[in-house]
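S.K.:
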Amino acid sequence: MGQIQYSEKYFDDIYEYRHVVLPPEVAKLLPKNRLLSENEWRAMGVQQSRGWVHYAIHRPEPHIMLFRRPLNYQQQQENQVQQGLAK
4 MGQIQYSEKY
14 FDDIYEYRHV
24 VLPPEVAKLL
34 PKNRLLSENE
44 WRAMGVQQSR
54 GWVHYAIHRP
64 EPHIMLFRRP
74 LNYQQQQENQ
84 VQQGLAK
């Protein structure tokens, strides 16, 4: 069985992005015409930190999942936790 491959992160002014390449035996389980929820892609074996959203389907290569999350997502989450602890 092939392994799931994860790209390095790349960025624009709003989001950080990454793509995930699924091996054929996992890719065949992907629904054809809809995006996956976090629970669905995790159930397929995709592992990454919180906040990532499957945001687009690249039709020429449907075995490549495209993810994004807001810039500084992890820092914002850590700040919220710290603020909660300070109360």
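Read in order, the letters of the sequence shown correspond to residues 4 to 90 in our numbering.
A virtual CB, placed ideally from N, CA and C, is assigned to each residue, including glycine.
None of these values were measured; they are calculated from a predicted model.
1. With DSSP collapsed to three states, give me the class of Gln79.
2. Where Ser40 and Asp15 are concerned, what is the direct C-alpha to C-alpha distance, given to the nearest angstrom?
3. So what does DSSP say about Arg71, is it helix, strand or coil?
4. Helix, strand or coil for Glu28, going by three-state DSSP, please let me know.
5. Tell me whether Leu25 is buried or exposed, calling it buried when 16 or more other Cβ atoms sit within 10 Å of its Cβ.
6. Between which residues of its own chain and Tyr76 is the CB-CB distance below 7 Å, once the five residues before and five after are set aside?
M.R.: In short, the structure shows the following:
1. If DSSP states are grouped into helix, strand and coil, Gln79 belongs with the helices.
2. Their backbone Cα atoms lie some 23 Å apart in a straight line.
3. Note: Arg71 maps to strand in three-state DSSP.
4. Helix.
5. Leu25 comes out buried.
6. Closer than 7 Å at Cβ, skipping near neighbours: Gly54.
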